[in-house]
Every structure is written in C-alpha cells, then in structure tokens.
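Presented below is the structure to which this report refers.
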Amino acid sequence: MVILKISTGIPGFDDVLKGGLEGGWSYLLKGEPGTGKTIFGLQFLLARDESVYISFDEVYDEVKLQAEKFGWDISNIHFVDKVKEMDVLRADPLFYDTAAEIAEFVESITGLKEIENVERSS
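Okay, here's the thing in structure tokens:
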C-alpha cells in the first residue's frame with residue numbers, strides 16, 4: 007500500500023518524517039506562545055498553490071507581520087479570522103462548549119469549500 011506524504015514545507019523536518027506528513031489525517035499543532043506554531047503553519051501553507059489559514063488566536067495583521075520578518079508573501083493564503091468569536095466564547099465559560107466549536111469550525115470550512123466551488127464554476 008502506497009502512503010501519500012505531504013510536505014511540511016520544511017525540508018529537514020520532511021526528512022525526519024520520511025517524506026512529510028501522512029495524507030488523510032488531521033494534525034493539531036499545539037504549544038505555548040512563541041514556540042513557532044504560526045511560523046510552522048505558514049511554511050506549510052506557503053508550500054501550496056492556494057490555502058486557508060483559520061486563526062482562533064491571532065488577527066491577520068499579527069500573522070502578516072510575522073511573515074514579513076521572513077520576507078514571505080502570504081497573499082496566496084486565504085485568512086479566516088475567528089478571534090472575535092473565540093473571545094466571546096472565552097468570556098463566558100458557561101457557554102464554552104468544545105464540541106460546538108468543532109462543529110462550527112467544520113461548518114465554516116465546508117462553507118469555504120462551497121464558495122470555492124461557486125467561484126471555480128463562474
């Protein structure tokens with residue numbers, strides 16, 4: 007059986023992973039502030055022709071500033087800012103429901119896919 011490998015955009019890391027991440031899986035990148043999650047994510051997305059960056063913690067201007075420090079052009083990355091929605095949820099722990107967040111997140115991605123299909127058929 008052939009296993010699809012997806013490049014992380016980081017050659018040395020791809021070597022460690024024997025070609026990249028295994029396709030068909032979801033990966034969670036988690037860590038303390040300043041550990042390189044955004045930089046890793048941007049490198050991964052920049053290795054693609056077109057991609058979507060959905061942020062729950064950083065607004066677009068913060069992400070753009072980090073990219074500019076490396077001289078990266080992130081104009082091919084579609085940015086979806088969910089920071090305000092997360093701030094509302096975090097403000098009231100009574101309504102903070104991880105399952106609901108995940109469902110909403112999946113719906114937002116599905117919506118983006120539908121928009122993409124409409125744009126491509128136009």
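Taking this note's numbering, the leading residue of the sequence shown gets 7, the next gets one more, and so forth.
Glycine included, every Cβ here is placed at the ideal spot set by N, Cα and C.
Quick caveat: nothing in here was measured; it's all calculated off a predicted structure.
Does residue i come out as helix, strand or coil in the three-state DSSP assignment?
{"i": "serine 57", "result": "strand"}
{"i": "serine 128", "result": "Because the pLDDT at serine 128 is just 48, under 50, the model does not fix this residue reliably, and the value given afterwards should be weighed accordingly. The answer is coil: DSSP assigns serine 128 none of H, G, I, E or B."}
{"i": "isoleucine 4", "result": "The question about residue 4 has no answer, for the chain in this structure spans 7 to 128."}
{"i": "isoleucine 83", "result": "strand"}
{"i": "leucine 35", "result": "coil"}
{"i": "phenylalanine 111", "result": "helix"}
{"i": "lysine 88", "result": "coil"}
Applying the criterion that 16 or more other CB atoms from any shown protein chain within 10 Å of the CB defines a buried residue, is residue i buried or exposed?
{"i": "serine 128", "result": "Note that serine 128 scores a pLDDT of 48, beneath 50, so its modelled location is shaky; the value from the coordinates is reported in the next line. So serine 128 counts as exposed."}
{"i": "leucine 34", "result": "exposed"}
{"i": "methionine 7", "result": "exposed"}
{"i": "phenylalanine 76", "result": "exposed"}
Which residue comes first and which comes last in the alpha helix (DSSP H) that contains residue i?
{"i": "proline 17", "result": "17-22"}
{"i": "lysine 75", "result": "66-75"}
{"i": "phenylalanine 50", "result": "43-52"}
For residue i, which residues does DSSP report across the bridge?
{"i": "glutamate 28", "result": "Lys11"}
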